[in-house]
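**Student:** Structure incoming, see below.
In the numbering used here, the protein residues as written are 631 to 974.
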């Protein structure tokens with residue numbers, strides 16, 4: 631089939647992955663999506679024997695029933711991850727056309743779509759839920775404050791203060807969840823340091839009670855076009871997770887400011903929260919982005935997914951790395967207007 635590759639150039643414009651196999655069992659043409667799905671360079675595919683590339687698929691072509699030309703196949707590749715592909719075969723006298731679809735990638739895309747739909751639904755119901763819960767919490771705090779003043783015994787007052795502190799933390803967490811449904815990016819500029827420190831403030835006493843050091847550093851820029859309530863809520867949720875993961879005497883490091891490794895003209899805001907706590911297993915790490923997934927006894931599984939949603943909606947990235955026994959690091963990167971970097 632000399633010159634056949636040029637005859638099939640029109641296939642390059644198709645979004646579907648297509649292989650053309652000649653009567654000698656060689657790849658006469660592979661369009662760019664096919665090279666991407668098979669994780670091979672185009673030149674590596676061109677003219678290669680199908681049996682050398684994908685043995686099960688070559689066997690499939692010989693055994694395929696003309697009435698059964700669609701299906702799924704799992705392909706093992708030496709030194710590479712196996713592929714789960716959907717296929718459709720169109721047989722002609724001159725060649726076989728094989729359409730391929732990466733079902734693993736499709737499944738990931740569907741899972742991501744479902745995740746976003748769940749988050750969108752949650753964002754719709756959260757305001758009403760916040761309203762229903764906020765008032766009872768405010769009433770509980772007011773009642774506890776009165777009881778503390780009127781209780782005759784120091785021990786009783788101390789116990790009531792502990793309860794009040796827990797209720798205040800719950801109210802702060804609730805407010806943070808509500809704040810996370812707002813847009814992170816703004817046209818107005820706000821001071822960075824207050825938002826970071828206000829996010830940490832409710833956690834200081836509980837961290838100190840367990841001798842956990844919270845080391846915070848806020849660098850330039852002084853102001854950023856980011857909604858302070860969202861930034862404050864993200865700092866609270868991420869640091870709360872870090873403190874909960876630490877044992878007595880642990881350390882949590884919080885850093886916020888320009889990313890020094892980013893190009894100067896394209897300023898990048900970086901927020902990192904790192905702890906030396908228990909860390910996560912590979913399974914836990916793979917699931918930590920799921921809505922309602924939590925490893926904490928009293929966790930909601932809302933904080934990290936909402937942080938991810940806020941950051942990604944603003945065009946940024948949130949990366950999590952963790953190792954059992956060594957701790958966890960969360961890094962947020964968000965591109966900022968270049969003038970911020972220039973004036974900093």
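Glycine is no exception: its CB is placed at the ideal position from the N, C-alpha and C atoms.
All values derive from a computational prediction rather than experimental measurement.
Note the first and the last residue of the continuous beta strand (DSSP E) segment covering residue 652.
**Tutor:** The count along the chain shown starts at 1 and reaches residue 652 at position 22. Taken as a continuous stretch (DSSP letters only), the beta strand (DSSP E) holding residue 652 covers 647 to 652.
**Student:** Have a look at 682, 846, 942 and 717 and flag the residue whose alpha-carbon is nearest the alpha-carbon of residue 903.
**Tutor:** Reading the chain shown from its first residue, position 273 is the one you call residue 903. Residue 846 is the option with its Cα nearest to residue 903.
**Student:** Is the beta carbon of residue 664 closer than 8 Å to that of residue 730?
**Tutor:** Taking the chain shown and counting its residues from 1, the one referred to as residue 730 is at position 100. Taking the chain shown and counting its residues from 1, the one referred to as residue 664 is at position 34. For residue 730 and residue 664, yes; Cβs fall inside 8 Å.
**Student:** Buried or exposed for residue 956, please, with buried defined as at least 16 other CB atoms from any protein chain shown within 10 angstroms of its CB.
**Tutor:** The count along the chain shown starts at 1 and reaches residue 956 at position 326. Label assigned to residue 956: exposed.
**Student:** Mark residue 673 as exposed unless 16 or more other C-beta atoms lie within 10 angstroms of its C-beta, in which case mark it buried.
**Tutor:** Translated into positions along the chain shown, residue 673 becomes position 43. It counts as exposed.
**Student:** Kindly examine the ligand FMN and report whether one of its heavy atoms sits closer than 7 Å to the Cβ of residue 867.
**Tutor:** This structure lacks the ligand FMN; in fact it carries no ligand of any kind.
**Student:** Looking at residue 966: is its Cβ nearer than 8 Å to the Cβ of residue 913?
**Tutor:** Position 336 of the chain shown, counting from 1, holds the residue named residue 966. Position 283 of the chain shown, counting from 1, holds the residue named residue 913. Cβ atoms of residue 966 and residue 913: not closer than 8 Å.
**Student:** Check residue 872 in the structure and name its three-state DSSP category.
**Tutor:** Counted from its first residue, the chain shown places residue 872 at position 242. Three-state result, residue 872: helix.
**Student:** Indicate whether the contact test is met: 3 or more Cβ pairs, each with one atom in the region 817 to 825 and one in the region 856 to 864, closer than 8 Å.
**Tutor:** Verdict: yes, contact present.
**Student:** What's the C-alpha gap between residue 647 and residue 679?
**Tutor:** As a working note, residue 647 is residue 17 in the chain shown. As a working note, residue 679 is residue 49 in the chain shown. In a straight line, the C-alpha of residue 647 is about 18 Å away from that of residue 679.
**Student:** Which residue's Cα is closest to the Cα of residue 843: 642, 870 and 659?
**Tutor:** Walking along the chain shown from the start, residue 843 turns up at place 213. Ranking the options by Cα distance to residue 843, first place goes to 870.
**Student:** For the beta strand (DSSP E) holding residue 957, just list the boundary residues, first then last.
**Tutor:** One-based indexing of the chain shown puts residue 957 at position 327. Taken as a continuous stretch (DSSP letters only), the beta strand (DSSP E) holding residue 957 covers 957 to 965.
**Student:** Taking Cβ positions, are residue 860 and residue 915 nearer each other than 8 Å?
**Tutor:** On the chain shown, position 230 is the one that residue 860 refers to. On the chain shown, position 285 is the one that residue 915 refers to. Against a cut-off of 8 Å, the Cβ pair of residue 915 and residue 860 comes out as no contact.
**Student:** Would residue 962 be called buried (16 or more neighbouring beta carbons within 10 Å of its own) or exposed?
**Tutor:** To locate residue 962, count along the chain shown from 1; it is residue 332. Counting Cβ neighbours within 10 Å, residue 962 comes out buried, since at least 16 surround it.
**Student:** In angstroms, rounded to a whole number, what distance separates the CA positions of residue 628 and residue 964?
**Tutor:** This structure does not reach residue 628, given that the chain is present from 631 up to 974, and the question cannot be answered.
**Student:** Please tell me whether residue 935 and residue 919 are closer than 8 Å, where the distance is taken between their beta carbons.
**Tutor:** Reading the chain shown from its first residue, position 305 is the one you call residue 935. Reading the chain shown from its first residue, position 289 is the one you call residue 919. The answer is yes: Cβ separation under 8 Å.
**Student:** For residue 841, I'd like the list of residues in its chain whose CB is within less than 7 Å of its CB, leaving aside the five on either flank, ordered along the chain.
**Tutor:** Walking along the chain shown from the start, residue 841 turns up at place 211. Excluding positions up to five away in sequence, the list reads 878 and 879.
**Student:** I need the DSSP call for residue 712, collapsed to helix, strand or coil.
**Tutor:** Mapped onto the chain shown, residue 712 falls at position 82. Of the three classes helix, strand and coil, the one that applies to residue 712 here is strand, per DSSP.
**Student:** Go through its chain and collect everything with a Cβ distance to residue 781's Cβ below 7 Å, but skip five positions before and after it.
**Tutor:** Here residue 781 is taken as the residue at index 151 of the chain shown, counted from 1. Excluding positions up to five away in sequence, the list reads 787 and 790.
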